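To start, the structure under review is shown below, and the notes come after it.
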Amino acid sequence: MTTRAGLVVDTGLRSGPENIRLDREQWRAAQEAETPVCHVRFHRYRPSAALGAFETAGHALHAECCRSHGIDIVRRVSGGEAVYLDADQLCWTLTLAHPIAWGEMRLAQWMARLGDSVAGGLRRAGVHASFVPPNDIEAEGRKLASCFLALSDSALLFQGGILLGFDTETMMKALRVPTEKLSLDGIRSARQRFATLGDGSAGPEISTIEQHLLDSWAEQLGVEFGPKVNLAQAPVTDADNHVVPAENWNAETDSWHLAWMKTPGGLLYARLRLNSDGDVLQQVEFAGGVQAYPAYLFTSLASWLAKTRVAWLEDRFNDFFRTYPHDLLGFTAEDIRHVLNLALDRYAQQVQFVLTSEQANTLMVHAPPPQEAADIVRVASVMLVPYCAKPSWCEWRHSDECPDCGLCEVGEAYRLARERGMRVVTITHFEHLQTTLGKLRAAGVRSYVGMCCRTFFIKREYAFREAGIPAVLMDITGTNCCELQQEDLAYAGKFQAETRLNLDVLRKVMQRVPPVMERMG
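4 is the number of the first residue of the sequence shown in the working numbering; add one for each residue after it.
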């Protein structure tokens with residue numbers, strides 16, 4: 004392997020916009036370089052929430068909280084999920100011009116190779132680190148660093164941050180953290196899921212960590228690095244250009260049909276507009292906490308599909324991925340097509356239940372395709388109600404009973420269910436949900452309806468999936484546990500705030516549930 008020249012700089016502690024500007028300059032220089040140079044920049048962040056290249060702020064961040072706490076919102080060059088960054092993280096940005104010299108390598112291969120090199124550098128410093136796909140560095144099973152990639156035809160960018168310390172409270176306030184990813188066996192504190200270099204001891208010196216990382220990258224990439232140049236005091240101008248507007252798809256639900264799905268590579272989102280007859284796709288957009296090549300993949304696909312008749316969408320979609328080179332880390336083109344189809348299903352649900360587009364976006368349908376929401380509701384025999392929708396003063400808040408006193412929306416839900424001979428279960432905590440779903444499956448329940456907040460459904464989707472029972476769930480509003488970051492209390496059944504049911508949506512959905520005798524027949 005030919006030895007490449009390697010440049011190393013340290014730009015010190017800077018604001019989020021300043022660091023993003025420097026990333027973009029470094030990335031542009033790598034793509035324009037005529038020689039195969041490698042450039043590493045070590046840096047620190049003032050408090051910032053950094054979105055991945057394909058994310059929207061409304062999906063990934065608590066934007067208002069970030070603003071009120073002086074946390075910059077920025078967008079990385081690389082893909083992946085949003086992260087909280089501050090001075091307690093040692094960050095790097097590595098760019099490599101003309102990576103094709105090492106042969107054809109895909110995103111997953113580059114991530115494994117470079118992630119292993121980070122873990123190897125940490126092991127040289129005495130840290131028991133390992134790379135865990137798709138993009139984490141762990142120490143004894145706890146996340147120590149995250150890594151992200153961007154690829155072009157002429158350059159590669161690899162960046163990440165190693166935790167020196169960890170401000171759990173601020174991170175939880177800034178990000179819409181997928182809690183189930185932090186703990187698969189229940190909600191534990193986020194701090195227990197993360198490791199830091201200072202855990203249990205003073206930890207290795209930062210300069211030692213940096214040198215071991217450089218040594219590891221030098222061996223992996225055939226680079227000879229020169230001495231590090233300190234640019235911590237260099238002036239930076241025009242930095243505010245890279246502050247990200249807090250675009251929020253959830254605030255425009257009256258004019259779009261929205262959908263999402265989870266993949267091993269991250270959450271995928273799609274939103275679209277159809278013509279008045281519902282047979283032409285007027286406009287579509289894609290987003291997600293994912294890593295993909297090229298950087299304009301989603302926008303190109305959206306342009307390719309616009310103004311296409313719905314009946315021709317599948318062929319048009321397949322033509323795009325046959326025509327354009329692409330690379331997806333942890334998800335597939337079929338996943339993108341599936342989330343597109345879920346967004347199209349919103350229109351069908353709007354028609355079936357006589358809803359507005361905004362109301363249709365509050366539905367969460369869990370079912371294997373091609374089963375439609377109306378068919379699921381038609382055979383539903385159970386209704387699940389979250390205890391937090393009952394008033395905090397209600398003596399039946401943690402009980403399956405409800406006297407239908409008329410003082411809250413839940414009484415109306417019970418009345419609608421009783422009229423149709425449906426059993427109602429008040430879900431009091433997460434284990435109760437899992438146990439209830441298991442009992443419903445064992446009893447041969449064909450389907451059910453229920454209510455929960457969308458954030459909870461995204462975070463706990465695996466529990467509904469593992470139960471394997473078709474369901475139509477309706478989003479609840481108000482001060483839910485996810486927005487208040489009190490999921491640990493909700494998990495234990497001790498959440499005190501109240502949520503609200505959307506009675507108009509509930510009534511329209513329940514109109515499709517037939518009387519008990521008709522359903523049994």
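Beta carbons are placed, not taken as given, at the ideal position from N, Cα and C, and that holds for glycine.
If you're wondering where the values come from, they're calculated on a predicted model, not measured in any experiment.
Between which two residues does the alpha helix (DSSP H) harbouring Thr199 extend? Neither: Thr199 is in no alpha helix (DSSP H) and is coded neither H nor E.
For the candidate residues Val77, Leu277 and Pro137, whose alpha-carbon lies nearest to that of Val354? Leu277
Beta-carbon proximity list for Gly129, same chain, < 8 Å, skipping 5 on both sides: Pro207
Beta-carbon within less than 6 Å of Trp399's beta-carbon, same chain only, minus the 5 sequence neighbours each way: which residues are those? Cys405
In three-state terms, what does DSSP make of Asn233? strand
Helix, strand or coil for Tyr296? Go by DSSP, reduced to three states. strand
With the cut-off set at 8 Å, would you say Ser210 and Gln34 are in Cβ contact? no
Provide the residue(s) that pair with Thr311 in DSSP beta bridges, ordered along the chain. Leu284
Which residue comes first and which comes last in the beta strand (DSSP E) that contains Tyr48? Cys41 to Tyr48
Reduced DSSP secondary structure (H/G/I, E/B, other) of Lys265: strand
Cut-off 7 Å between Cβ atoms - residues of its own chain near Leu25, not counting five sequence neighbours on either side: Thr14 and Arg44
Could you give the distance in angstroms between the alpha-carbon of Glu255 and the alpha-carbon of Arg70? 21 Å
Gly95 in three-state terms, based on DSSP: Here the sequence assigns Trp to residue 95, which means Gly is not the residue at that position. It is a strand residue.
Nearest by alpha-carbon distance to Asp91: which of Pro328, Asp119 and Pro50 is it? Pro50
Are Glu58 and Ala290 closer than 8 Å when you measure CB to CB? yes
Identify, in the order they occur along the chain, each residue of the same chain with its Cβ nearer than 6 Å to the Cβ of Leu125, setting aside the five sequence neighbours on each side. Ala132
Just how far apart, CA to CA, sit Ala66 and Cys456? 19 Å
Compute the distance between the beta-carbons of Leu443 and Val385, then report whether it is under 8 Å. yes
Taking the alpha-carbon of Phe460 as reference, which of Arg449, Met477, Leu217 and Ile472 has the nearest alpha-carbon? Met477
When DSSP labels each residue in this structure, what does Ser384 get in the three-state scheme? coil
So, is Trp315 buried or exposed, given that buried needs 16 or more other C-beta atoms within 10 angstroms? exposed
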